[in-house]
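**Q**
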Amino acid sequence: MLMDRQTTERRAALAPPDDDKRWKIVNVTMRRNGYSGHALIETLHTVQNCFGYLEDRSLRYVAMSLGLPLSKVYGVATFYHLFTLKPQGNHTCVICTGTACYIKGSRELSTAIEDRYSVKPGQTTKDNELSVLSARCIGSCGLAPTVVLDGKVLGQMTPAELIDEIEEVV
Ligand code: FES
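Going by my numbering, the sequence shown opens with residue 35, and the numbers climb by one from there.
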């Protein structure tokens, strides 16, 4: 359904939660999609890429800007494992635990991280350097087992290679 121009303009005029420049990037995503509710997932990805996680005020702003009920926005944000509502460490490592990756050894990757950094998926190291998350499938099954480290997809990881990769960034 096409939105009338007034609605689009009204949504575009909503003030972001603060004057952080990163909201401009979020607004570009929403504008490109005409402030349509269909842009929800893409917008949440942008917010998370920019801010590291999805806080309550971000979700409220996105809901208002896209004209969606807050409950729907919360539903999507909590359904997908790649989204997180908690503050993250300086670096994020998402371990895919989907079937293909599980068969190819994602559990060994989690164990290696736990042995080295004492964190399990869903946790952040005490020094706030590394957050570890898990995802059900990130759509790169051919590269299993896959990991996303600071937004970069790493495929066919062995535990030792993964620790090396992490050591390079933390
Ligand atoms: S199961 Fe890991 S990428 Fe699909």
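Beta carbons: idealized from backbone N, C-alpha and C, even for Gly.
In terms of alpha-carbon separation, which member of 54, 152 and 170 lies closest to residue 164?
**A** Translated into the one-based positions of the sequence shown, residue 164 becomes position 130. Minimum Cα distance to residue 164 is reached at 152.
**Q** Would you give the residue range spanned by the alpha helix (DSSP H) that residue 75 belongs to?
**A** For this step, residue 75 is matched to residue 41 along the sequence shown. Residues 74 to 85.
**Q** Tell me where the beta strand (DSSP E) around residue 168 begins and ends.
**A** Your numbering for residue 168 matches position 134 in the sequence shown. Looking at the DSSP string, the run of the beta strand (DSSP E) that includes residue 168 is 164 to 169.
**Q** Between 181, 43, 50 and 148, which has its C-alpha nearest residue 95's C-alpha?
**A** Mapped onto the sequence shown, residue 95 falls at position 61. Considering only alpha carbons, the answer is 50.
**Q** Nearer than 8 Å: is that true of the beta carbon of residue 179 relative to any heavy atom of the ligand FES?
**A** Sequence index remark: in the sequence shown, residue 179 carries index 145 (1-based). At least one heavy atom of the ligand FES is nearer than 8 Å to the Cβ of residue 179, so yes.
**Q** Can you check DSSP and say which residues form a bridge with residue 128?
**A** What you label residue 128 is simply residue 94 of the sequence shown in a count that begins at 1. Its beta-bridge partners are 167 and 182.
**Q** Residues in the same chain with beta-carbon distance under 6 Å from residue 134, minus the five sequence neighbours each way, listed in chain order, please.
**A** The sequence position of residue 134 within the sequence shown is 100, counting from 1. Cβ within range, chain order: 175 and 178.
**Q** Which one of 84, 83 and 130 has the shortest CA to CA distance from residue 172?
**A** Counted from its first residue, the sequence shown places residue 172 at position 138. Comparing Cα-Cα distances from residue 172 to each of 84, 83 and 130, the minimum goes to 130.
**Q** Could you check how far apart the C-beta atoms of residue 110 and residue 74 are, in whole angstroms? I think they sit under 8 Å.
**A** Position 76 of the sequence shown, counted from the first residue, corresponds to residue 110. Position 40 of the sequence shown, counted from the first residue, corresponds to residue 74. With 8 Å as the limit, residue 110 and residue 74 qualify as a contact, their Cβ atoms being about 6 Å apart.
**Q** Going by CA-CA distance only, name the one from 105, 196, 184 and 39 that's closest to residue 84.
**A** Looking up residue 84 in the sequence shown gives position 50. For residue 84, the nearest C-alpha among the options comes from 184.
**Q** Cβ of residue 194 within 9 Å of Cβ of residue 182?
**A** Within the sequence shown, numbered from 1, the residue matching residue 194 stands at position 160. Within the sequence shown, numbered from 1, the residue matching residue 182 stands at position 148. No; because the gap between Cβ atoms is not below 9 Å, this pair is not in contact.
**Q** Which full runs of the alpha helix (DSSP H) of 4+ residues lie inside the segment 101 to 150, going along the chain?
**A** Counting whole runs of 4 or more residues, the segment 101 to 150 contains the alpha helix (DSSP H) stretches 104 to 113 and 133 to 137.
**Q** Mind checking who residue 158 pairs with in its DSSP beta bridge?
**A** The sequence position of residue 158 within the sequence shown is 124, counting from 1. Residue 158 is bridged to 165.
**Q** Strictly by DSSP, which residues pair up with residue 188?
**A** Taking the first residue of the sequence shown as 1, we reach residue 188 at position 154. Paired residue(s): 181.
**Q** So does the segment 137 to 149 actually touch the segment 85 to 104, counting three or more Cβ pairs closer than 8 Å?
**A** Flag = no, the segment 137 to 149 and the segment 85 to 104 do not touch.
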